[in-house]
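Peer 1:
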Amino acid sequence: MSDRIVSWHPAPAKPTYKPPPGAVDAHCHVFGPAAKFPFSPKAKYHPEDAGPEKLFALRDHLGFARSVIVQASCHGTDNSATLDAIARSNGTARGVAVVNPAISATELEALHEGGIRGIRFNFLKRLVDDAPKDKFLEVAARLPSSWHVVIYFEADILAELRSFIAAIPVPVVVDHLGRPDVSQGADGPEMRAFRSLLDSREDIWFKPTCPDRLDARKNGGTGDPWDAFASAVAPLVQDYPDRCIWGTDWPHPNMQDEIPDDGHLVDMIPRIAPTELLQRKLLVDNPMRLYWSA
Ligand code: 0GY
Numbered sequence: 025m026s027d028r029i030v031s032w033h034p035a036p037a038k039p040t041y042k043p044p045p046g047a048v049d050a051h052c053h054v055f056g057p058a059a060k061f062p063f064s065p066k067a068k069y070h071p072e073d074a075g076p077e078k079l080f081a082l083r084d085h086l087g088f089a090r091s092v093i094v095q096a097s098c099h100g101t102d103n104s105a106t107l108d109a110i111a112r113s114n115g116t117a118r119g120v121a122v123v124n125p126a127i128s129a130t131e132l133e134a135l136h137e138g139g140i141r142g143i144r145f146n147f148l149k150r151l152v153d154d155a156p157k158d159k160f161l162e163v164a165a166r167l168p169s170s171w172h173v174v175i176y177f178e179a180d181i182l183a184e185l186r187s188f189i190a191a192i193p194v195p196v197v198v199d200h201l202g203r204p205d206v207s208q209g210a211d212g213p214e215m216r217a218f219r220s221l222l223d224s225r226e227d228i229w230f231k232p233t234c235p236d237r238l239d240a241r242k243n244g245g246t247g248d249p250w251d252a253f254a255s256a257v258a259p260l261v262q263d264y265p266d267r268c269i270w271g272t273d274w275p276h277p278n279m280q281d282e283i284p285d286d287g288h289l290v291d292m293i294p295r296i297a298p299t300e301l302l303q304r305k306l307l308v309d310n311p312m313r314l315y316w317s318a
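Note that our numbering has the sequence shown beginning at 25, numbered continuously upward.
(1) Run the proximity test for residue 273: is its beta-carbon closer than 6 angstroms to any non-hydrogen atom belonging to the ligand 0GY?
(2) Between the C-alpha atoms of residue 97 and residue 105, what's the straight-line distance to the nearest angstrom?
(3) Confirm, please, whether the CB-CB distance from residue 175 to residue 198 is below 7 angstroms.
(4) Quick one, are the C-beta atoms of residue 50 and residue 311 less than 7 angstroms apart?
(5) Please report how far the alpha carbon of residue 264 lies from the alpha carbon of residue 136, in whole angstroms.
(6) Ignoring anything shorter than 4 residues, give me the alpha helix (DSSP H) runs that lie fully in the region 90-172, in order along the chain.
(7) Which residue or residues does DSSP assign as beta-bridge partners of residue 39?
(8) Assign residue 84 to one of three DSSP states: helix, strand, or coil.
(9) Can you name, in chain order, every residue of its own chain whose Cβ lies under 6 angstroms from the Cβ of residue 161, other than the five neighbours on each side?
(10) Around the Cβ of residue 305, are there at least 16 other Cβ atoms within 10 angstroms (buried) or fewer (exposed)?
(11) Throw me the rounded Cβ distance for the residue 47 and residue 87 pair, which I believe falls under 8 angstroms.
(12) Kindly indicate if chain C contains any beta-carbon less than 7 angstroms away from that of residue 152.
(13) Can you tell me where the alpha helix (DSSP H) with residue 190 in it begins and where it stops?
(14) Can the beta-carbon of residue 195 be found closer than 7 angstroms to that of residue 172?
(15) Candidates 256, 75, 152 and 131: which alpha carbon is nearest residue 108's?
(16) Measure the alpha-carbon distance for residue 281 versus residue 239 and round it to whole angstroms.
(17) Between which residues of its own chain and residue 41 is the CB-CB distance below 6 angstroms, once the five residues before and five after are set aside?
(18) What's the C-alpha gap between residue 367 and residue 230?
(19) From the DSSP secondary-structure annotation, give me the bridge partner or partners of residue 174.
(20) By the three-class DSSP mapping on this structure, what secondary structure does residue 53 have?
(21) Could you check what DSSP says for residue 25 in three-state terms: helix, strand or coil?
(22) Do you know offhand how far residue 317's Cα is from residue 242's?
(23) May I ask which residues mark the beginning and end of the beta strand (DSSP E) holding residue 228?
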């Protein structure tokens, strides 16, 4: 299909940084294959197939051992592609689903059996038609034990989401730091607002991920090697070392205009987590606690 987009690098560099044994890529996706797992009729983008073989080959290339596959919006609430990828991983992948809030307890248990450990609430208007907070809270109260909620929003709606986030009855993981403007620096208003969110609950986690999105040249950022991202985000990892997890975001949905090199993304890790201890927490201890403890 000619209108299907490719948003990932054809030949990522081998990173200079070597992740510790057992490192987890805790934010990645699969697309299709569409012939087997069609996209949602509500999908806002139609990517080329990026299935588990490609994902796991890249993981080997980058020096990672495990993956957390986050259901991408183009697959809507049909988690079959994500579950299929987990099933093909020999126990090295777990997942985060997107569900219809009316999902039954039996269906939730089936997702748990399939390796799902959380559900994602997406508030990006360019990706989803609606985000019903009341229904989200209702389903969050019925999740299997040890699950969490992953939430994706941009910094401009953080203030209006605060009471909703406060009411989520399970741990919360924020995608891509809630997309602050990193050019404001570590002490800029949007990073300060995000710190205030982290300080409001001890079970709010974050992903210091996607320098390619947060520091994109097209938005006035510094671009690869993402210096503004590194200086704004490193203090946060330092100050909240037990609440962060890291991921590539491969296959980088919607990044076709500024496709990041995954090897370069991995080489950001020591710039935001400069000690071996921080790296082990970010890449192994923290994601293992969230995804492989049950
Ligand atoms: C990401 C970011 C994006 C897309 C999705 O589910 C998705 O489609 O998450 C985005 O376009 O910002 O985390 O992959």
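Glycine is no exception: its CB is placed at the ideal position from the N, C-alpha and C atoms.
Peer 2: On the basis of the data shown:
(1) Residue 273 sits at position 249 when you count from the first residue of the sequence shown. Yes.
(2) The residue you call residue 97 lines up with position 73 of the sequence shown. The residue you call residue 105 lines up with position 81 of the sequence shown. Looking at the two C-alpha atoms, the distance is approximately 12 angstroms.
(3) As a working mapping, residue 198 is identified with position 174 in the sequence shown. As a working mapping, residue 175 is identified with position 151 in the sequence shown. Taking 7 angstroms as the Cβ cut-off, residue 198 and residue 175 qualify as a contacting pair.
(4) Here residue 50 refers to the residue found at position 26 of the sequence shown. Here residue 311 refers to the residue found at position 287 of the sequence shown. Yes, they are a contact pair.
(5) Looking up residue 264 in the sequence shown gives position 240. Looking up residue 136 in the sequence shown gives position 112. Whole-angstrom Cα-Cα distance: 28 angstroms.
(6) 104-111, 129-137 and 157-164
(7) In the sequence shown, counting from the first residue as 1, residue 39 sits at position 15. According to DSSP, which records beta bridges pairwise, residue 39 is partnered with nothing at all.
(8) Looking up residue 84 in the sequence shown gives position 60. Three-state DSSP puts residue 84 in a helix.
(9) For the purposes of this step, residue 161 is identified with residue 137 of the sequence shown, where counting begins at 1. Excluding positions up to five away in sequence, the list reads 191.
(10) Locating residue 305 in the sequence shown gives position 281, where the first residue counts as 1. Buried: at least 16 other Cβ atoms inside 10 Å.
(11) Translated into positions along the sequence shown, residue 47 becomes position 23. Translated into positions along the sequence shown, residue 87 becomes position 63. So it is a contact: roughly 7 angstroms between Cβ atoms.
(12) Any reference to chain C falls outside this structure, which holds one protein chain only.
(13) Position 166 of the sequence shown, counting from 1, holds the residue named residue 190. Where residue 190 is concerned, the enclosing alpha helix (DSSP H) stretches over 182-191.
(14) Locating residue 195 in the sequence shown gives position 171, where the first residue counts as 1. Locating residue 172 in the sequence shown gives position 148, where the first residue counts as 1. Cβ atoms of residue 195 and residue 172: closer than 7 angstroms.
(15) Sequence index remark: in the sequence shown, residue 108 carries index 84 (1-based). Checked all of 256, 75, 152 and 131; the closest Cα to residue 108 is 75.
(16) Counted from its first residue, the sequence shown places residue 281 at position 257. Counted from its first residue, the sequence shown places residue 239 at position 215. Answer to the nearest angstrom: the Cα atoms are 14 angstroms apart.
(17) To locate residue 41, count along the sequence shown from 1; it is residue 17. The residues are 290, 291, 293 and 294.
(18) Any property of residue 367 remains undetermined from this structure, which presents the chain solely from 25 to 318.
(19) What you label residue 174 is simply residue 150 of the sequence shown in a count that begins at 1. Residue 174 is bridged to 144 and 197.
(20) Here residue 53 is taken as the residue at index 29 of the sequence shown, counted from 1. In the structure shown, residue 53 sits in coil (DSSP, three-state: anything other than H, G, I, E or B).
(21) In the sequence shown, the residue the question calls residue 25 occupies position 1. Below a pLDDT of 50, predicted positions are generally treated as unreliable, and residue 25, at 46, falls in that range; no measurement from the model is reported.
(22) Here the question's residue 317 lines up with position 293 in the sequence shown. Here the question's residue 242 lines up with position 218 in the sequence shown. Spanning the two alpha carbons is a distance of roughly 40 angstroms.
(23) Here the question's residue 228 lines up with position 204 in the sequence shown. Looking at the DSSP string, the run of the beta strand (DSSP E) that includes residue 228 is 228-230.
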